[in-house]
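Participant: These protein sequences, in sequence, are chains E and U. Quick note on my numbering: the first sequence kicks off at 1 and runs consecutively. Quick note on my numbering: the second sequence kicks off at 134 and runs consecutively. Quick reminder that beta carbons are idealized off the backbone N, C-alpha and C, glycines included. This is the structure, below, for whatever I ask next.
2 protein chains.
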Amino acid sequence: MAKKGMLTLQRKAIFDIVSDASDHPTAADVIERLKDRGYHFAYGTVYNSLRYLADEGMIRELRLEGDASRYDARVEEHQHIICVSCGKVDEVFVEPAADWVADIAKETGYTIEEKQFLFKGVCKACQGSKRLS
Amino acid sequence: MAKKGMLTLQRKAIFDIVSDASDHPTAADVIERLKDRGYHFAYGTVYNSLRYLADEGMIRELRLEGDASRYDARVEEHQHIICVSCGKVDEVFVEPAADWVADIAKETGYTIEEKQFLFKGVCKACQGSKRLS
DNA sequence: TTTCTTGCAAAACATTTGCAAATCG
DNA sequence: CGATTTGCAAATGTTTTGCAAGAAA
C-alpha cells in the first residue's frame with residue numbers, strides 16, 4: 001500500500017532521530033536534534049518526512065497532551081501513559097479484554113478498527129518526591 | 134475547588150450552546166452557533182469561557198482527532214468512538230475491567246488517575262452505505 | 001524529460017495574551 | 001474602589017502549502 005517514494009537522506013536522518021529517541025519527540029524536538037547532528041532541514045521537509053514515515057508505517061504519530069504531535073518508532077500495538085507531574089510518557093503493553101471491546105462494539109454499533117488509549121497518573125519517580133504542586 | 138468567578142451572561146450562553154449540542158462542538162462551532170443566537174463574543178472571550186467552564190467541571194474538553202479541541206457537556210465518566218468514514222463522534226459508557234487497569238498500574242508503576250480512550254471504527258450508518266472511499 | 005523531493009517563505013489555523021474599557025460587588 | 005471580565009487585536013505555536021530549484025529514474 002505504500003512505496004510512493006524513497007527513503008531519502010533527510011527521511012532516513014529523521015527516522016533515525018525518532019528511532020533513537022527514548023522519549024516521544026515532537027517535530028520541534030526532531031529539528032533540534034537534527035541540529036545536534038549537523039543537519040538543518042527546512043520545517044516543511046521535516047513535517048513532510050514525518051508524514052511520509054508515518055504513511056509507510058515506520059513510525060506512529062501520537063496526539064497526546066499539548067498542541068504538538070509526538071512521534072514514536074515503536075509501531076507495535078501499544079498504548080501510552082503520561083505523568084501529570086513531570087510530563088513523561090511511557091508505553092503500556094497490557095491489552096484490554098477482548099469481551100470488553102466486543103461489548104463496546106455491540107453498544108455502539110460500530111466496528112472497531114483501532115484503539116487509542118491515554119492513561120494519566122503519577123509516575124514512580126514523582127510518587128517518591130512529595131507533591132510538587 | 135472552584136468558585137473563582139461567576140457565571141456571566143457570556144459564560145452562560147456558551148455553556149448553553151455546548152449543553153444543547155448533540156455533537157461535540159469545537160470553539161469555532163460554538164462561535165458560529167452563538168452567531169445564530171444573536172451573540173457576537175470575542176474569540177478570547179469564548180476560549181476564556183470554555184476554559185472557565187471546564188475548570189468548573191461544567192463541561193469537558195476533548196482532544197480527539199484534528200487540531201481543534203472539542204467540548205462535551207456530558208461530564209460523567211465516559212469515553213468516545215469516532216467514525217473513520219463520516220467523522221461522527223459517539224459516547225461509550227462501557228467501563229473497562231478493574232483488574233486490567235490494576236495490571237497497567239502494576240506494569241508501569243504509575244498511579245492511574247484518569248483514562249482517555251478513543252476508539253476508531255465505522256458507525257452503523259456508514260456500514261450500510263458501501264465504501265465511500 | 002518526467003516525477004518526486006527539498007528549501008524557503010508565506011499562509012492557515014487554533015489558541016493565548018496584553019491592555020484598556022466595562023462591569024460587578 | 002478593587003477585582004474580575006470583556007473586546008479587540010496582536011502575538012504565538014504548530015502545521016500546511018505554493019512554487020521555484022534540485023535530484024533521481
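Would you tell me roughly how many angstroms separate the C-alpha atoms of Pro96(E) and Glu228(U), rounded to the nearest one?
Facilitator: Against the first sequence, residue 96(E) aligns to sequence position 96. Against the second sequence, residue 228(U) aligns to sequence position 95. Using only the alpha carbons, I get a separation of about 11 Å.
Participant: If we require 4 or more residues per run, which alpha helix (DSSP H) segments fall completely within the region 212-249 of chain U?
Facilitator: 231-241
Participant: Is Trp100(E) near the ligand SAH, in the sense that its beta carbon is under 8 Å from a heavy atom of that ligand?
Facilitator: In the structure on display, the ligand SAH does not appear, and there are no ligands present to speak of.
Participant: How would you write the range of the beta strand (DSSP E) that Leu195(U) sits in, first residue to last?
Facilitator: Your numbering for residue 195(U) matches position 62 in the second sequence. Taken as a continuous stretch (DSSP letters only), the beta strand (DSSP E) holding Leu195(U) covers Arg193 to Leu195.
Participant: Measure from the C-beta of Val84(E) to each C-beta in chain U and report whether the shortest distance is under 9 Å.
Facilitator: As a working note, residue 84(E) is residue 84 in the first sequence. True, the Cβ-Cβ gap to chain U drops below 9 Å.
Participant: Taking only the alpha-carbon atoms, compute the straight-line gap between Tyr71(E) and Phe93(E) and give it to the nearest angstrom.
Facilitator: Residue mapping note: residue 71(E) aligns to position 71 of the first sequence, counting from 1. Residue mapping note: residue 93(E) aligns to position 93 of the first sequence, counting from 1. Each residue's alpha carbon lies about 17 Å from the other.
Participant: Compare the C-beta of Gly220(U) against all C-beta atoms of chain E and say whether one is closer than 9 Å.
Facilitator: Working through the second sequence from its first residue, we reach residue 220(U) at position 87. Not a single C-beta of chain E is nearer than 9 Å to the C-beta of Gly220(U).
Participant: Thinking C-alpha only, which one of Gly66(E), Lys115(E) and Lys12(E) is nearest Ile59(E)?
Facilitator: Sequence index remark: in the first sequence, residue 59(E) carries index 59 (1-based). Cα-wise, what sits closest to Ile59(E) is Lys12(E).
Participant: What runs of the alpha helix (DSSP H), each 4 residues or longer, lie entirely inside the region 149-173 of chain U?
Facilitator: List check, alpha helix (DSSP H) in window: 160-169.
Participant: Cβ closer than 7 Å: which chain U residues qualify as neighbours of Leu118(E)?
Facilitator: One-based indexing of the first sequence puts residue 118(E) at position 118. Chain order gives the chain U residues near Leu118(E) as Gln249, where near means a beta carbon separation below 7 Å.
Participant: Output, in chain order, the set of chain U residues within a Cβ distance shorter than 8 Å of Thr111(E).
Facilitator: Counted from its first residue, the first sequence places residue 111(E) at position 111. Near Thr111(E) (Cβ distances below 8 Å), the residues of chain U are Gly254, Val255 and Gln260.
Participant: Distance, Cα to Cα, Lys168(U) vs Glu189(U)?
Facilitator: Looking up residue 168(U) in the second sequence gives position 35. Looking up residue 189(U) in the second sequence gives position 56. Whole-angstrom Cα-Cα distance: 25 Å.
Participant: Rounded C-beta distance between Leu186(U) and Ile245(U)? I'm assuming under 8 Å.
Facilitator: Indexing the second sequence from 1 puts residue 186(U) at position 53. Indexing the second sequence from 1 puts residue 245(U) at position 112. Actually they are not in contact, since the Cβ atoms of Leu186(U) and Ile245(U) sit about 26 Å apart, beyond 8 Å.
Participant: Which of the three DSSP states is assigned to Val46(E) in this structure?
Facilitator: Residue 46(E) sits at position 46 when you count from the first residue of the first sequence. Residue state, collapsed to three classes: helix.
Participant: Would the region 245-264 of chain U and the region 204-224 of chain U be scored as touching if the rule is three or more Cβ pairs under 8 Å?
Facilitator: A contact exists between the region 245-264 of chain U and the region 204-224 of chain U.
Participant: Taking a Cβ distance cut-off of 9 Å, strictly less, list which residues of the region 49-64 of chain E are near chain U, in chain order.
Facilitator: Arg63 and Leu64
Participant: Please list, in chain order, the chain U residues whose beta carbon lies closer than 7 Å to that of Ala97(E).
Facilitator: For the purposes of this step, residue 97(E) is identified with residue 97 of the first sequence, where counting begins at 1. Near Ala97(E) (Cβ distances below 7 Å), the residues of chain U are Ala230 and Trp233.
Participant: Give me, in chain order, the residues of the same chain whose beta-carbon lies closer than 7 Å to that of Arg63(E); leave out the 5 immediate sequence neighbours on both sides.
Facilitator: Counting from one through the first sequence, the residue named residue 63(E) turns up at place 63. Only Ser69 meet the Cβ criterion.
Participant: Would you decide whether Thr108(E) is buried or exposed? Buried here means 16 or more other CB atoms lie within 10 Å of its CB.
Facilitator: As a working mapping, residue 108(E) is identified with position 108 in the first sequence. Answer is buried; the Cβ neighbour count reaches 16.
Participant: Could you tell me which residues DSSP puts in a beta bridge with Gly254(U)?
Facilitator: On the second sequence, position 121 is the one that residue 254(U) refers to. Beta-bridge pairing links Gly254(U) to Ile112(E) and Cys216(U).
Participant: So, is Tyr243(U) buried or exposed, given that buried needs 16 or more other C-beta atoms within 10 angstroms?
Facilitator: Working through the second sequence from its first residue, we reach residue 243(U) at position 110. Here Tyr243(U) is buried. Its C-beta has 16 or more other C-beta atoms within 10 Å.
Participant: Looking only at its chain, what residues have a beta carbon closer than 6 Å to the beta carbon of Lys120(E), apart from the 5 residues adjacent to it on each side?
Facilitator: To locate residue 120(E), count along the first sequence from 1; it is residue 120. Taken in chain order, the residues that qualify are Ile82 and Val84.
Participant: Closest by CA to Asn181(U), which one among Val163(U), Gln249(U), Asp153(U) and Ala238(U)?
Facilitator: Here the question's residue 181(U) lines up with position 48 in the second sequence. Ranking Val163(U), Gln249(U), Asp153(U) and Ala238(U) by Cα distance to Asn181(U) puts Val163(U) first.
Participant: Is the shortest distance between the beta-carbon of Ser22(E) and the beta-carbons of chain U less than 9 Å?
Facilitator: Numbered from its first residue, the first sequence carries residue 22(E) at position 22. Chain U, which has no Cβ nearer than 9 Å to the Cβ of Ser22(E), makes this no.
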